[in-house]
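By numbering that gives the first Met the number 0, the letter at position 104 of the sequence shown is numbered 103, and the numbering carries on one by one without gaps.
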Amino acid sequence: MNDLTASPRRTDGSAGDADYGRIGQGYASYRQPEPAIAALIEVALGPARRILNVGAGAGSYEPRGRDMTAVEPSASMRAQRPADIVAAIDATAEALPFSDGHFDASMATFTVHQWGDLDAGLREMRRVTRGPIAILSCDPELVQAFWLNHYAPEVLATEARRYPSLGHIGTVLGGDVEIVAVPIPLDCSDGFNEAYYGRPELFLDPGARSACSAWSFVGEAANAASIERLRQDLESGAWDARHGFLRQQPSFDGSLRLVIARP
């Protein structure tokens, strides 16, 4: 076992920089697993039977039919996990309560950018995992290339600062590292920012924005101004003049990446 001290935690137990007790109440309504992304994660995990999901949230992308263990510090997120999957353990990435090599494989999706001590969390994942580790994250160098940057530059600047270098993730995990680009389908059911690349009207929904934590780090006035600019361009047709082709584009290659580290 590891004796690392967990990151400072908020009232609901959130251990990273985002307060899911405040922003996470409707998270599961907007952040459903996208089958195309889930399929890539399943391939990365290989034939592993005993799998750990770190920063597991509401349970997106946990493969069914395998021996899953989930770790999630936020009580509000643990409460949103479906009844047909395993309950999550209240613990943090930096201090996983498992013995060395306990799992065949491990995974973490949309979470490493929120950990208080990234390197400690990654080292813990490697310590408890015999086989492959799959990390779904975003390339910080590509985040601000998304058209939303024109309307909400502070939001995407926040995202770019928070996401760690993919190369650094691979270096800390060690072994044979592969970084896979993850295409995002037009009807993506997982509502992260780039999932709405061809459905810009969804950004007008406050719940959709709340399900993307970067919006919570920007002031309400700045966010309101960003959304108003987008609303005006949608009403005038200016957005469609620049980006309307995306409404029919079947997939989008943005910043989403899958880091796979095999020992």
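Ideal placement from N, C-alpha and C gives every residue a C-beta, glycine not left out.
A Cβ-Cβ separation of about 7 Å places M106 in contact with I50 under the 8 Å criterion. Per DSSP, A82 is not a residue of any alpha helix (DSSP H), being assigned neither H nor E. D252 is positioned such that its CB atom lies no closer than 8 Å to that of P32.
Around the beta carbon of V42, fewer than 16 other beta carbons sit within 10 angstroms, so the residue counts as exposed.
Apart from the 5 residues on each side of it in sequence, Q248 sits with its Cβ closer than 8 Å to the Cβ of L185, Y196 and G197 in its chain, given in chain order.
A distance below 7 Å between beta-carbons, with the five flanking residues on each side excluded, links H112 to the following residues of its chain, in chain order: S136, R161, Y162 and P163. DSSP, reduced to helix, strand and coil, places E93 within a helical segment of the structure shown. A residue is called buried once 16 or more other Cβ atoms fall within 10 Å of its Cβ, and P34, having fewer, is exposed. Judged by beta-carbon spacing, L229 lies within the 8 Å limit of P199, meaning their Cβ atoms are closer than that value. By a beta-carbon distance limit of 8 Å, T91 does not contact P62. Their separation comes to about 23 Å. E93 counts as buried, since no fewer than 16 other beta carbons sit within 10 angstroms of its beta carbon.
The residue among E234, I226 and N52 with its C-alpha nearest the C-alpha of N148 is I226.
L95 counts as buried, since at least 16 other C-beta atoms from the protein chains shown sit within 10 angstroms of its C-beta. The residue among L117, A210, D89 and Y150 with its C-alpha nearest the C-alpha of D232 is Y150. If you check the CB distance, V179 and I259 come in under 8 Å. In the assembly as shown, P131 is a buried residue. Its beta-carbon has 16 or more other beta-carbons within 10 Å. Excluding sequence positions up to five before and after R261, its CB lies within less than 6 Å of the CB of P131, G174 and D175, all in the same chain and listed in chain order. Residue pairing by DSSP places E71 opposite no residue, since no beta bridge is assigned to it. DSSP, reduced to helix, strand and coil, places S188 outside both helices and strands of the structure shown, so it counts as coil.
L141 carries a coil assignment under DSSP once its states are collapsed to helix, strand and coil. Of L141, M76 and P205, the smallest CA-CA separation from V181 is found for L141.
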